[in-house]
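>
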Ligand SMILES: [Zn+2]
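Numbering (this note's numbering), first residue to last: 81 to 530.
#1: Just how far apart, CA to CA, sit residue 314 and residue 323?
#2: Do the stretch 247–257 and the stretch 206–220 meet, that is, are 3 or more Cβ pairs less than 8 Å apart?
#3: Bridge partners for residue 223 per DSSP, in chain order?
#4: At a threshold of 7 Å, does residue 335 count as lining ligand 1 (C-beta to nearest heavy atom)?
#5: Around ligand 1, what residues have a beta-carbon under 7 Å from a heavy atom of it, in chain order?
#6: Based on the DSSP output, what are the partners of residue 135 in its beta bridges?
#7: Below 8 Å CB to CB, which residues in the same chain sit around residue 125 once its five sequence neighbours on both sides are set aside?
#8: For residue 139, count neighbouring Cβ atoms within 10 angstroms of its own Cβ and tell me buried if that reaches 16, exposed if not.
#9: Output the boundary residues of the alpha helix (DSSP H) element that contains residue 294.
#10: Would you tell me roughly how many angstroms separate the C-alpha atoms of residue 283 and residue 177, rounded to the nearest one?
#11: Mapping the DSSP letters down to three states, classify residue 522 as helix, strand or coil.
#12: Starting from residue 207, trace the alpha helix (DSSP H) both ways and give me its first and last residue.
#13: I'd like the list of long-range same chain contacts for residue 518, defined as Cβ closer than 6 Å, with 5 residues on each side in sequence excluded.
#14: Is the stretch 184–200 touching the stretch 505–517, taking contact as three or more C-beta pairs under 8 Å?
#15: Per DSSP, residue 429 is paired with what?
#16: Here's the rule I'm using: 16 or more other beta-carbon atoms within 10 Å means buried, otherwise exposed. How should residue 229 be labelled?
#17: Check for me: the alpha helix (DSSP H) holding residue 397 runs from which residue to which?
#18: Applying the 10 Å Cβ sphere with the 16-neighbour rule, what's the burial state of residue 209?
#19: Of the residues 507, 334, 267, 386, which one's Cα is nearest the Cα of residue 319?
#20: Would DSSP call residue 186 helix, strand or coil?
#21: DSSP state of residue 423, grouped into three classes?
#22: Using the Cα positions of residue 145 and residue 165, report the straight-line distance between them to the nearest angstrom.
#23: Would you tell me roughly how many angstroms separate the C-alpha atoms of residue 123 and residue 280, rounded to the nearest one?
#24: CB-CB under 8 Å to residue 150, same chain, minus the five flanking residues each way: which ones, in chain order?
#25: Could you tell me the alpha carbon to alpha carbon distance between residue 112 and residue 161, rounded to whole angstroms?
#26: Where does residue 158 fall in DSSP's three states?
#27: Taking the DSSP output, what are the residues bridged to residue 310?
#28: Compute the distance between the beta-carbons of residue 445 and residue 212, then report whether it is under 8 Å.
#29: Would a C-beta distance cut-off of 8 Å place residue 172 and residue 221 closer than the cut-off?
#30: Could you tell me the alpha carbon to alpha carbon distance between residue 426 and residue 261, rounded to whole angstroms?
#31: In this structure, how does DSSP classify residue 335 when only helix, strand and coil are distinguished?
#32: So who's on the other strand from residue 364, going by DSSP bridges?
#33: How should residue 409 be labelled, buried or exposed, when 16 other C-beta atoms within 10 angstroms of its C-beta is the threshold for buried?
#34: Give a yes or no on contact between the stretch 396–405 and the stretch 449–457, applying the rule of three or more CB pairs nearer than 8 Å.
#35: For residue 369 versus residue 419, is the C-beta distance shorter than 8 Å?
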């Protein structure tokens with residue numbers, strides 16, 4: 081007994097000795113000095129491109145503490161990275177992800193793919209989600225908003241990953257399960273039991289079996305740690321829609337808990353109903369009218385269109401016979417037209433990819449999200465407006481004025497690209513340096529690879 085307790089004691093002592101080393105290795109703070117200094121020349125501050133000569137960005141304890149034209153005396157103690165030959169920008173943000181979902185049918189059989197995913201074992205699903213998160217991070221995305229199809233609280237599990245997660249995952253904002261009427265996005269014949277693994281199913285009749293009340297659904301989502309409430313105004317591509325009254329009650333219940341509401345709305349009627357109910361952000365809005373876009377601009381409701389690039393459309397059309405993707409030129413024209421109309425109407429725009437299919441691009445899910453950003457440029461939006469939507473514009477949706485910006489006080493999520501994406505958008509795929517929360521994850525000596 082004694083020798084066992086001695087061994088335990090020795091083990092504990094060894095752990096105590098190793099702890100500083102472990103935290104040194106896995107700490108999100110840089111492993112050198114207390115400050116990092118970035119020498120930059122051309123940089124996008126989240127609003128505009130600055131190119132007025134050399135600037136020194138000082139980072140301490142995860143925040144930007146100084147942006148100046150010259151070094152201060154104390155900067156000498158900082159670890160310095162010369163990024164003056166690169167294009168520097170805030171980390172990118174994708175506000176519409178489903179990192180715990182992969183639809184292998186490319187949308188052709190979403191209903192049955194949801195059954196397969198809902199039955200996956202948890203470790204498998206978490207492991208593939210972690211792969212997606214890592215791919216996002218090393219594609220330059222430092223914040224994501226994940227909007228459901230995340231099982232029962234799996235989004236919270238991946239956001240609560242261990243210390244090392246600081247180096248393996250973007251910051252994750254999440255909604256918990258989406259709230260919808262039956263069958264959610266399953267096929268109508270799906271069992272209520274399987275439906276409830278992916279959606280919080282509500283009904284007009286508060287006592288209906290297998291459903292919960294509006295207030296109960298919001299409470300349940302909140303119990304999963306949700307920072308957003310996700311509603312399905314319509315279940316597109318499955319049948320069913322929330323009634324205006326139910327949607328209003330859900331939004332009211334969310335607001336009572338100070339939770340913002342993201343609403344999946346494909347058609348113009350669904351977008352209008354979502355605006356009536358008090359949405360914080362409208363997702364998709366595929367066929368939204370100019371009149372409704374004007375209303376969104378006036379009410380300052382955020383729009384997160386989720387469009388595929390021409391390359392992604394072609395890939396999807398190989399597996400999905402939906403006439404929408406049969407002619408990718410026409411698909412791009414329709415989506416591009418409504419994105420331009422939204423931009424011209426002055427609707428506050430934020431980027432969301434909604435790409436949850438197997439990824440063909442090198443770099444996985446994150447590289448696919450970069451390609452969804454290309455869709456915005458294909459639509460005719462100026463590259464600068466696209467960068468704003470994927471940085472400071474997205475941060476506004478999250479209510480975070482300390483994200484998506486390079487300025488004093490902002491969280492130090494900073495990327496450097498091989499050259500300016502404003503001049504040539506393909507440079508967005510040339511990540512050369514990555515800092516999240518002030519920690520340098522790649523660049524300098526280590527190459528940025530997925
Ligand atoms: Zn979605």
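We treat Cβ as the ideally placed atom computed from N, Cα and C, and that holds for glycine. In this text the structure is predicted, and so the values were computed from the model without any measurement.
Looking at the coordinates:
#1: The sequence position of residue 314 within the chain shown is 234, counting from 1. The sequence position of residue 323 within the chain shown is 243, counting from 1. Near 9 Å, if we compare the C-alpha coordinates of residue 323 and residue 314.
#2: yes
#3: Start at 1 with the first residue of the chain shown, and residue 223 comes out as number 143. Bridge partners of residue 223: 173, 251.
#4: Within the chain shown, residue 335 is the residue found at index 255, counting from 1. Checking every heavy atom of ligand 1 against the Cβ of residue 335, none is found closer than 7 Å.
#5: 176, 178, 227, 344, 363, 386, 434
#6: Counting from one through the chain shown, the residue named residue 135 turns up at place 55. In the DSSP output, where bridge partners are listed per residue, residue 135 has 120.
#7: Locating residue 125 in the chain shown gives position 45, where the first residue counts as 1. Excluding residues within five positions, the ones whose Cβ falls inside 8 Å are 170, 485, 486, 487.
#8: Taking the first residue of the chain shown as 1, we reach residue 139 at position 59. Label assigned to residue 139: buried.
#9: To locate residue 294, count along the chain shown from 1; it is residue 214. Residues 294–303.
#10: Here residue 283 is taken as the residue at index 203 of the chain shown, counted from 1. Here residue 177 is taken as the residue at index 97 of the chain shown, counted from 1. Straight-line Cα distance between these residues: approximately 26 Å.
#11: Sequence index remark: in the chain shown, residue 522 carries index 442 (1-based). In the structure shown, residue 522 sits in a strand (DSSP, three-state: E or B).
#12: As a first step, residue 207 is located in the chain shown; it is residue number 127 there, counting from the start. First-last of the alpha helix (DSSP H) with residue 207: 202–217.
#13: Here residue 518 corresponds to residue number 438 of the chain shown, with the count starting at 1. Result list for residue 518: 139, 142, 492, in chain order.
#14: no
#15: Indexing the chain shown from 1 puts residue 429 at position 349. Answer by DSSP bridge pairing, in chain order: 383.
#16: The sequence position of residue 229 within the chain shown is 149, counting from 1. Residue 229 comes out buried.
#17: Here residue 397 is taken as the residue at index 317 of the chain shown, counted from 1. It spans 390–397 - the alpha helix (DSSP H) in which residue 397 sits, taken as one unbroken run.
#18: Within the chain shown, residue 209 is the residue found at index 129, counting from 1. Result: buried.
#19: Residue mapping note: residue 319 aligns to position 239 of the chain shown, counting from 1. The residue with the shortest Cα to Cα distance from residue 319 is 267.
#20: Stepping through the chain shown from its first residue, residue 186 is reached at position 106. Coil at residue 186, not helix or strand.
#21: Here the question's residue 423 lines up with position 343 in the chain shown. Residue 423: helix per DSSP, three-state reduction.
#22: Your numbering for residue 145 matches position 65 in the chain shown. Your numbering for residue 165 matches position 85 in the chain shown. Spanning the two alpha carbons is a distance of roughly 22 Å.
#23: In the chain shown, the residue the question calls residue 123 occupies position 43. In the chain shown, the residue the question calls residue 280 occupies position 200. Each residue's Cα considered, the two are about 43 Å apart.
#24: Walking along the chain shown from the start, residue 150 turns up at place 70. Contacts found: 136.
#25: Position 32 of the chain shown, counted from the first residue, corresponds to residue 112. Position 81 of the chain shown, counted from the first residue, corresponds to residue 161. In this prediction, residue 112 has a pLDDT of 46, which is less than 50 and means its spatial position is unreliable; nothing more can be read from the coordinates.
#26: As a working mapping, residue 158 is identified with position 78 in the chain shown. Note: residue 158 maps to coil in three-state DSSP.
#27: Stepping through the chain shown from its first residue, residue 310 is reached at position 230. 342.
#28: Taking the chain shown and counting its residues from 1, one reaches residue 445 at position 365. Taking the chain shown and counting its residues from 1, one reaches residue 212 at position 132. Yes. Within cutoff.
#29: On the chain shown, residue 172 is found 92 positions in, with the first residue counted as 1. On the chain shown, residue 221 is found 141 positions in, with the first residue counted as 1. Against a cut-off of 8 Å, the Cβ pair of residue 221 and residue 172 comes out as a contact.
#30: Residue mapping note: residue 426 aligns to position 346 of the chain shown, counting from 1. Residue mapping note: residue 261 aligns to position 181 of the chain shown, counting from 1. Approximately 32 Å between the Cα atoms of the pair.
#31: As a first step, residue 335 must be located in the chain shown, where it is residue number 255. Helix.
#32: Indexing the chain shown from 1 puts residue 364 at position 284. Beta-bridge pairing links residue 364 to 345.
#33: In the chain shown, residue 409 corresponds to position 329, counting from 1. By the 10 Å Cβ count, residue 409 comes out exposed.
#34: no
#35: As a working note, residue 369 is residue 289 in the chain shown. As a working note, residue 419 is residue 339 in the chain shown. The answer is no: Cβ separation not under 8 Å.
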